[in-house]
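Beneath this line is the structure, given in structure tokens, with notes to follow.
Protein chains in written order, with the working numbering: chain A, 1 to 466; chain B, 1001 to 1466.
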């Protein structure tokens, strides 16, 4: 992070020329690609200078493999560790492979140990080794230690550089201690008070330390927001705690309650962002997809979900096949039947999305699950009746058959009620069974609404119309 | 925020008894409801004491209207402003209506001005007035000023309490200035340097200030992460900037580039969380839904999307109706046709979700949109061919008609290619047209895949099989 602030400020007005704030400026990208194309190293360095590492990483993700290779090779020793940290996993491996060993070593040595851990986590064995070898001995030990904690746990997320003082110290003692220390972390916002066993007992915000007289006891200045995080806690829970309790930083403790590290809110915010992204993509049946994945990777990611969907669609077709005779003597049924299934599918998706989100935010619990189910069923009933009237009318007007209108109306009501029920019960049951409801609810709920929709409509039609 | 830290720490082991970390403990909730039921005010206060305001707010959202009323009335003067701040909008209005004027006044006066703004934003006029009247004069002016900024803008999000010093000061001068100030904000992490016109030129992290000798010039300690936020910037863009550039706090400037406030990362994190929530719910066609909305509210929220879906489903039915004669002479078509439409709908949802997210994260831009479209079409083609083979086989085995297998296979390929194309182009075009792609893409893409699916399958069948 050696950039000059003046130069960073320069990018802002440029960036705002573009449609969205903070989107990469199209002209700037074109100029950079031109420099890459003509092999003009000096121009490239000049153009990249004002860009934040996160923006350079975005740029590398957005261009094609060919340009990426040329750019990384041309940029060469200017390539710094921050860019690697910011790169999406899908491109990171490729870019690391393009860097010369010396550039990679320099890049990795610049990083804090928690960023190196983050970098290593998703790499293959040989690249992991390559990066571990590049580190200085002390850092290597720290990184290897962090890798012993479970994946996606607080232990992987925390930084090990901490500022902790004995609980009985005064403001003056703490300030003198910090002034004397050579290796204060880059980022810290609280001084953690520990007891003689290194158990954290509270923390004091730096701002409050600043504002207090030197003789004041630190224990008088404790923040009420204080809570500790167990080192093996899932990172999604960590992010939830930061958001729910407005934490800025939180001490991480081992199973003996001893202080082992600190997590800061910026890391928690990244996790929250990733977890949301994952939920959205899972709800849509797109595993871990990223925009820079290749056609082959993307096809592989999407295939399983489509295969599940094919199976459920065939199940629904088997239901329809039971009524072939009915349809043969009354083709209007074939015209109208997708409407009932489609409405049920959509209503079910509405309910399940609300339920999946509420489970993720701990808003759907044992104390309100029955009330939510009741609400969803009632909503299905009310909307079902409304659309039954509309669709019954359409059925009568279109096909001139009052009974057909009644049949589609009743099927609509049944299917929307079932959609509300299944849309809430399925995610709740999956969660209890330890399956991620974002991942699996969709397939189950759609199967239910398809089958119920076709069965109710065609079955009723067979009984009433023939 | 007068709670004792010891008591807060107590809740932790209890909370962890429950299934999910940080979920409200079911036994604790039952005990609280029992105290409410028996009107035992002292027990209620004792049980609520260890709970964070955010957890009390969650609890109020999860219980029913009747219990909520009793609890608020029993808790009475213990009710503090933080709880109001944390409450979901759907319940907030109701709870404010339950508080006695005196309790409301005390609760609101405890809050920082930015929290009061957040509280007021979504209230109706009379309740807004009631709360404004409760404020002290100076706060009322500050809040009214903040309300002049556009909704969901940086101006509404920022706090007006700032710590700014002249750019030429030394570390010692800054520390003395802060020690002398009576009214330092509760939360601040940087000292902002301003020029004589109050234009921010950089900032220094408190940690670095602590670690530096008194004579050091502040301008030597500037953080490279410094960037300013325009006061009228959309809060979603603010959240993006915090996440992208790892900001902890950022000065907010008016159109003359003068410092008017500061936004801190915890507020940006809340916004990021809300924006994601909104995107997920919009993608599922559930406007602004919350778990504590009533049946009537929920029905109203979901009706419009279902109505749009009904319209698109009827359009698809009109396509089927064109082929009534074909279906009448070959009922197997009615059995198989929903499969083609369903696979197209799912593939389209996959593509559009990836595109909508990539637009939100600025990853889908002018420089890669064509490559992404090409990728989605190719993925559709590859998956289409794979499922064409599977489904062709199923068609032959099930109905013993090789030609039927060919027809459904070709229709599958066509529909998955169209799904990839529409799934990417629709969100991009909607974004260009200024419509939120998360909200509207689904209806358009499903219409396309339904129509194309039915048309390709039935049209081809009519031409080939009859």
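Note that the Cβ used here is the ideal one computed from N, Cα and C, for glycine as well.
For residue 447 of chain A, the uninterrupted alpha helix (DSSP H) run begins and ends at 437 to 465, by DSSP. When only Cα atoms are considered, residue 1375 of chain B and residue 343 of chain A end up about 31 Å apart. Secondary structure remark: continuous alpha helix (DSSP H) runs of at least 4 residues inside the segment 104 to 166 of chain A, in chain order: 113 to 121, 125 to 134, 137 to 147, 154 to 157. Taking a cut-off of 8 Å on C-beta distances, the segment 1071 to 1089 of chain B touches the segment 1046 to 1059 of chain B, as three or more cross pairs fall below it.
Under DSSP, residue 263 of chain A takes part in a beta bridge, and its partners are A/250. Under the 8 Å Cβ criterion, the segment 90 to 106 of chain A counts as touching the segment 292 to 300 of chain A, having at least three qualifying pairs.
A distance below 7 Å between beta-carbons, with the five flanking residues on each side excluded, links residue 1110 of chain B to the following residues of its chain, in chain order: 1080, 1081. A Cβ-Cβ distance of about 6 Å is found for the pair residue 206 of chain A and residue 1207 of chain B, placing them in contact under the 8 Å criterion. Annotation: the continuous alpha helix (DSSP H) that includes residue 1320 of chain B extends over 1295 to 1321. Residue 129 of chain A and residue 104 of chain A have their C-alpha atoms spaced approximately 12 Å apart. Excluding sequence positions up to five before and after residue 1055 of chain B, its CB lies within less than 7 Å of the CB of 1024, all in the same chain and listed in chain order. Residue 1168 of chain B carries a coil assignment under DSSP once its states are collapsed to helix, strand and coil. Within a 10 Å sphere around the beta-carbon of residue 124 of chain A sit fewer than 16 other beta-carbons, which makes this residue exposed. Looking from the CA of residue 254 of chain A, the closest CA among A/371, A/233, A/246 belongs to A/233.
One thing to note: residue 340 of chain A has its Cβ no nearer than 8 Å to the Cβ of residue 243 of chain A.
When DSSP states are grouped into helix, strand and coil, residue 1400 of chain B belongs to the coil group.
Along the segment 1185 to 1211 of chain B, the alpha helix (DSSP H) occurs as fully enclosed runs of 4 or more residues at 1206 to 1211, listed in sequence order. Within chain A, the residues 363, 368 have their CB atoms less than 9 Å from the CB of residue 1061 of chain B, given in chain order. In the DSSP assignment, residue 229 of chain A forms a beta bridge with A/252. In the assembly as shown, residue 168 of chain A is an exposed residue. Its beta-carbon has fewer than 16 other beta-carbons within 10 Å. When C-beta atoms of the segment 1421 to 1433 of chain B are compared with those of the segment 1346 to 1356 of chain B, three or more pairs fall below 8 Å, so the two segments count as touching.
When DSSP states are grouped into helix, strand and coil, residue 1058 of chain B belongs to the helix group. By the neighbour-count criterion, in which 16 or more other beta carbons inside 10 Å mark a residue as buried, residue 1028 of chain B falls on the buried side. With respect to the 8 Å criterion, residue 154 of chain A and residue 235 of chain A are classified as neighbours on the basis of their beta carbons. Of all residues in the segment 182 to 194 of chain A, only 184, 185, 186, 187, 188, 189 place a beta-carbon less than 8 Å from a beta-carbon of chain B.
Residues of chain B with a Cβ closer than 7 Å to the Cβ of residue 298 of chain A are, in chain order, 1375, 1379.
A check of alpha carbon separations from residue 1257 of chain B across B/1451, B/1266, B/1201, B/1108 identifies B/1201 as the nearest. Beta-bridge analysis with DSSP links residue 174 of chain A to no other residue. When the Cα atoms are used, residue 287 of chain A and residue 1193 of chain B turn out to be separated by approximately 46 Å. Among the bridge pairs identified by DSSP, residue 1217 of chain B is matched with B/1170. DSSP places residue 1040 of chain B outside both helix and strand once states are collapsed to three, so it counts as coil. Within chain B, the residues 1306, 1309, 1310, 1313 have their CB atoms less than 9 Å from the CB of residue 343 of chain A, given in chain order. Judged by pairs of C-beta atoms under 8 Å, the segment 1330 to 1337 of chain B does not touch the segment 1430 to 1439 of chain B, as fewer than three such pairs exist. Within chain B, not a single residue places a beta-carbon under 9 Å from that of residue 159 of chain A; the smallest gap is close to 13 Å.
Closest in alpha carbon position to residue 1443 of chain B, among B/1324, B/1396, B/1285, B/1460, is B/1285.
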